[in-house]
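In UniProt numbering, the protein residues as written are 1 to 109. Remarks on the structure that follows.
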């Protein structure tokens, strides 16, 4: 039985049927206004808690400032600092995917 598990696959990975759409960042996140807000929020967070890290896992790598209430759901572009959270890229993507799924279901659950 051990020999079968150690044999390499002959097929390899199959290509996806449909290529994923390239991600296009909302132009708002490239604006000078957002970049200034993000820098001020980072300074505020450092002063308040002594550093900046992911709200979920505590990572300090690839952090993204995220709206608690999504802009697409009616959240403000530049809300008060206490209505924003820092997430690592992985947790930000998971939170965004969950919000997108909730919108697709019509806002339920």
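All C-beta atoms in this analysis are idealised placements derived from N, C-alpha and C, irrespective of residue type, glycine included. Since we're looking at a predicted model, the values are computed, not measured.
Test item: CB-CB of residue i and residue j under 8 Å
i: residue 113; j: residue 86; result: There is no way to answer for residue 113, as the model of the chain reaches only from 1 to 109.
i: residue 103; j: residue 72; result: yes
i: residue 99; j: residue 70; result: yes
Residue i classed as buried or exposed, judged by whether at least 16 other C-beta atoms fall within 10 angstroms
i: residue 61; result: exposed
i: residue 95; result: buried
Inter-residue Cα distance where the pair is residue i and residue j
i: residue 165; j: residue 79; result: Here the chain covers residues 1 to 109 and nothing more, so residue 165 does not appear.
i: residue 24; j: residue 52; result: 26 Å
i: residue 46; j: residue 81; result: 12 Å
i: residue 76; j: residue 58; result: 26 Å
i: residue 13; j: residue 21; result: 20 Å
i: residue 90; j: residue 10; result: 32 Å
i: residue 41; j: residue 63; result: 12 Å
i: residue 16; j: residue 50; result: 45 Å
i: residue 92; j: residue 38; result: 15 Å
Closest residue to residue i among the options (Cα-Cα distance)
i: residue 44; options: 91, 96, 84; result: 84
i: residue 29; options: 99, 67, 88, 74; result: 67
i: residue 74; options: 65, 56, 107; result: 107
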